[in-house]
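First the structure, in the form of structure tokens, and then the observations on it.
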Amino acid sequence: MGAVLPLLALRAFTETGRLGSLKAAAEVLGVTPGAVSQQIRLLEDRLGVALFVRERHGVRLTQAGASAYPGLLRAFEQIEESMSLLQSHSARRALTISTVPSFASSWLVPRLGGFSALHPDIEVRVEASSKLADFKRDRIDVTLRHGLGHYPGLSAFRLMAPVLLPVASPALLAQGPAIAHPEDCLKYTLLQDADRADWALWLQAHGVDAGPDAQRGPSFEDDLLLMRAAGAGQGIALVQDTHAREDLESGKLAVALDRPWPARFAYYIVSRPDALARPEVQAFIDWVKAEAV
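Under numbering that gives the first Met the number 0, the first residue of the sequence shown carries the number 0, and numbering increases by one thereafter.
Structural data, given as structure tokens:
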């Protein structure tokens, strides 16, 4: 075999070329942008050629870098595939599942004991993140996604379509103005989703044209954060009924107005088509579909 290859530097170069950003490459590799920059600089010094042009909003491959990038990308993809093949021979079967924190805490995790009881030989790992999972890069087997069901190149099965409920702290509702109609919610602070879209759609669906007022109030990335803010008395939140069920039953939250509205999105269980051939993946999909009935 030839000289020892600078694999760390080559990986840093490949990820930076793929993402066009030192910072984004650093997040994928789990290091600092400075460490990625240093590896690329070492590679450039070794080769005696510039690989990137630094620009205002990122980096761009030079002609030399662009000529080498496709082959290196394929090489690292082949390495990842070979690692997956080796891992598949492990005596203990493992399964990595990704979903958003609110769905993980309110629906999936409380039920996982049932799956483990049925399949004690399958080791389950749950990643709770709002970031969109990359099946190859993140080594994810199955994701539970909230969306419209359009996942090109992937296998997707529809699980459930939750409804949105306006919820708040019982103390806030007891002290504040009465809520008898949807427009009465505007008398309170509206706790918004990340896109500031749900309240406007909910009010519109119930015949209320609130204009800019429907988008006022602090916004939160995830239903779990929305429920915590609502429970702390900061305002009224529109959250999925599946997420709020436990807090409603415990009395931490109360329904401000019993006007559920069908969400535009549904939950889907998504995986790569080739993963369906793995017994542990199919077992988990069958179990989740049964639980969602």
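Think of the CB as a built atom: it goes at the ideal place given N, C-alpha and C, for glycine as much as any other residue. Quick caveat, the model's predicted, so the values are computed rather than measured.
Item, Value
"Measure how close the beta-carbons of residue 238 and residue 225 come, nearest whole angstrom, since I'm counting them as under 8 Å.", "5 Å"
"In whole angstroms, what separates the C-alpha of residue 292 from that of residue 153?", "22 Å"
"Suppose you measure from the CA of residue 34 to the CA of residue 17; what does that come to, to the nearest Å?", "17 Å"
"Can you find a C-beta in chain C that's less than 8 Å from the C-beta of residue 147?", "Structure shown: chain C not included; a single protein chain is present."
"Rounded to a whole number of angstroms, what is the C-alpha to C-alpha distance between residue 179 and residue 196?", "22 Å"
"For residue 257, count the other beta carbons within 10 Å of its own beta carbon; 16 or more makes it buried, fewer makes it exposed. Which is it?", "exposed"
"Since I believe residue 13 is in contact with residue 71 (beta carbons under 8 Å), could you give me their beta-carbon distance rounded to a whole number of angstroms?", "5 Å"
"Buried or exposed for residue 230, please, with buried defined as at least 16 other CB atoms from any protein chain shown within 10 angstroms of its CB.", "buried"
"If we call anything under 8 Å between Cβ atoms a contact, is residue 290 one with residue 110?", "yes"
"Do you know offhand how far residue 235's Cα is from residue 266's?", "24 Å"
"Just to check my reading of the structure: residue 100 and residue 221 have Cβ atoms closer than 8 Å, yes? What is that Cβ distance to the nearest angstrom?", "5 Å"
"Which one of 188, 143, 175 and 107 has the shortest CA to CA distance from residue 245?", "107"
"Where do the N-terminal and C-terminal ends of the beta strand (DSSP E) with residue 52 fall, by residue?", "51-54"
"Given this structure, state the Cα-to-Cα distance separating residue 25 from residue 84, to the nearest angstrom.", "26 Å"
"Put residue 39 into one of helix, strand or coil per three-state DSSP.", "helix"
"Ends of the alpha helix (DSSP H) at residue 230?", "222-230"
"According to DSSP, simplified to helix, strand and coil, what is residue 118?", "coil"
"Which complete beta strand (DSSP E) runs does the stretch 160-232 hold, if anything under 3 residues is left out?", "162-167 and 189-192"
"Is the stretch 273-281 close to the stretch 169-187, with three or more CB pairs under 8 Å?", "no"
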